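Novice: This is the structure I want to talk about, given as structure tokens.
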Amino acid sequence: MATTLAGMELAPTPPAPAARRTLYEEIVAVLAISLLASAAYAIVSLLTAPVKGVTVAAANPDPLFANQVLGFVFGLAPALVVVHLVRRDGEGVGAVGLTWDRPRQDLVRGTVLFAVVGLGGLGIYLVAVRLGVNRLVVPAPPPGHWWTWPALVMDATGAAVLEEVIVLGYLVTRLQQVGWTPIAAVIGSAVLRGGYHLYQGWGGFAGNLLMGLLFGVLFLRWRRTWPFVIAHLLLDFAAGAGYLLFRHHLPGF
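What the sequence shown shows, in the numbering used here, is residues 272 to 524, in sequence order.
In structure tokens form, the structure reads like this:
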């Protein structure tokens, strides 16, 4: 702390540039998972509210799009916290499989995983719905808007980054670091993945549990997170696109 003036403490001594960047990262991460989102939604609500003599439609013809964008941006905040933590600890993003040094290999692996998991997952979903152990899930934003497809891309990207960075790369790595065996870490991650999909029914739990086990075992082998982000993104986008294009021909919709 610097010297005092009139009994008041002055600002702390400025840190080195690298430390300052780390502190800025911390500030953004903490605000993004707490009050910054509320402030952003409040600003949008204020700006899109109708004024005297102006209807809501005239003031803002697409009030949901801004919320879609904010939901995407702030939905990534927990992944930003993970990146900040591993960088601050000196491990670097490679600790959770997020280096950028093999993009082509990551893309190929992710695409193959998408094909394998997509076909298997679709079969499990259809059988589960037929047996009555799974709920019909609408995997896309509201149709009929100009922003429906951009919102689908944002939703798929946000879910893929959030889940694979945290539930796969971060959680499996940290559980191993605190003493869990590799297989126990994978099982714990997979059970969590299945658990937060229980809103889809038991079929959703089983399908995501199996996907979590497969992803976990492959993560132990590759120590890369990007292939799973790519596969997850493609899976969610394909599910949403299929619904938007063929929803009138799907049973139950």
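Glycine included, C-beta positions come from ideal geometry on N, C-alpha and C. Only a predicted model underlies this, so the values are computations on that prediction, with no experimental measurement involved.
For Ala430, collect the residues of the same chain with a Cβ closer than 6 Å to its Cβ; drop the 5 residues on either side in sequence, then sort them by chain order.
Specialist: Asp507, listed in sequence order.
Novice: Along the alpha helix (DSSP H) that carries His355, what are the first and last residues, could you check?
Specialist: Ala348 to Arg359 is the span of the alpha helix (DSSP H), which, as asked, contains His355.
Novice: State buried or exposed for Pro286, treating a residue as buried only when at least 16 other CB atoms are found within 10 Å of its CB.
Specialist: The residue is exposed, with fewer than 16 neighbouring Cβ atoms inside 10 Å.
Novice: Return the chain-ordered ranges of every beta strand (DSSP E) run that is complete within the stretch 410–463 and spans a minimum of 3 residues.
Specialist: With a minimum length of 3 residues, no continuous beta strand (DSSP E) run stays inside the stretch 410–463.
Novice: Output needed for Val367: all residues of its chain with C-beta closer than 7 Å, excluding positions within five of it in sequence on either side, in chain order.
Specialist: Val353, Val357, Val436, Gly440, Tyr441, Thr444 and Thr496, listed in sequence order.
Novice: Grab me the residues of Phe517's own chain with a C-beta within less than 7 Å of its C-beta, minus the 5 sequence neighbours each way, in chain order.
Specialist: The answer is none, since no qualifying residue turns up.
Novice: If you drop the 5 nearest sequence neighbours on each side, which residues of the same chain put their C-beta closer than 6 Å to that of Arg380?
Specialist: Excluding residues within five positions, the ones whose Cβ falls inside 6 Å are Pro498.
Novice: Closest by CA to Val315, which one among Leu302, Ala337 and Ile395?
Specialist: Cα-wise, what sits closest to Val315 is Ala337.
Novice: Leu335 to Ala300, Cα distance in whole Å?
Specialist: Rounded to the nearest angstrom, the two C-alpha atoms are 25 Å apart.
Novice: If you compare alpha carbons, which of Glu362, Tyr467 and Glu297 is closest to Leu433?
Specialist: Here the closest residue by C-alpha is Tyr467.
Novice: Report the three-state DSSP secondary structure of Gly472 (helix, strand or coil).
Specialist: Reduced to three states, the DSSP call for Gly472 is strand.
Novice: Measuring only the C-alpha atoms, how far is Gly487 from Ala303?
Specialist: Approximately 28 Å, taken between the alpha carbons.
Novice: Smallest Cα separation from Ala427: which of Gly403, Val344, Arg492 and Leu393?
Specialist: Of the candidates Gly403, Val344, Arg492 and Leu393, the one whose C-alpha sits nearest the C-alpha of Ala427 is Val344.
Novice: Whose C-beta lies closer than 7 Å to the C-beta of Leu307 among residues of the same chain, with five residues either side of it excluded?
Specialist: Taken in chain order, the list of residues that qualify is empty.
Novice: Suppose you measure from the CA of Leu515 to the CA of Gly403; what does that come to, to the nearest Å?
Specialist: Those two C-alpha atoms are separated by around 23 Å.
Novice: Suppose contacts are defined by Cβ-Cβ distances below 9 Å. Is Ala411 in contact with Gly472 by that definition?
Specialist: No; because the gap between Cβ atoms is not below 9 Å, this pair is not in contact.
Novice: Could you tell me which residues DSSP puts in a beta bridge with Asn405?
Specialist: Partner(s): Gly472.
Novice: Decide if the stretch 452–461 is in contact with the stretch 477–492; the criterion is three or more beta carbon pairs, one per stretch, under 8 Å apart.
Specialist: Touching, per the Cβ criterion.
Novice: Going by other Cβ atoms of all chains shown within 10 Å of its Cβ, with 16 needed for buried, is Ala328 buried or exposed?
Specialist: Note that Ala328 scores 47 on pLDDT, short of 50, meaning its location in the model is unreliable; the coordinates nonetheless yield the value given after this. Exposed is the call here.
Novice: Using C-beta distances below 6 Å, list every residue in its chain close to Gly450, excluding the 5 sequence neighbours before and after it, in chain order.
Specialist: Result list for Gly450: empty, nothing under 6 Å.
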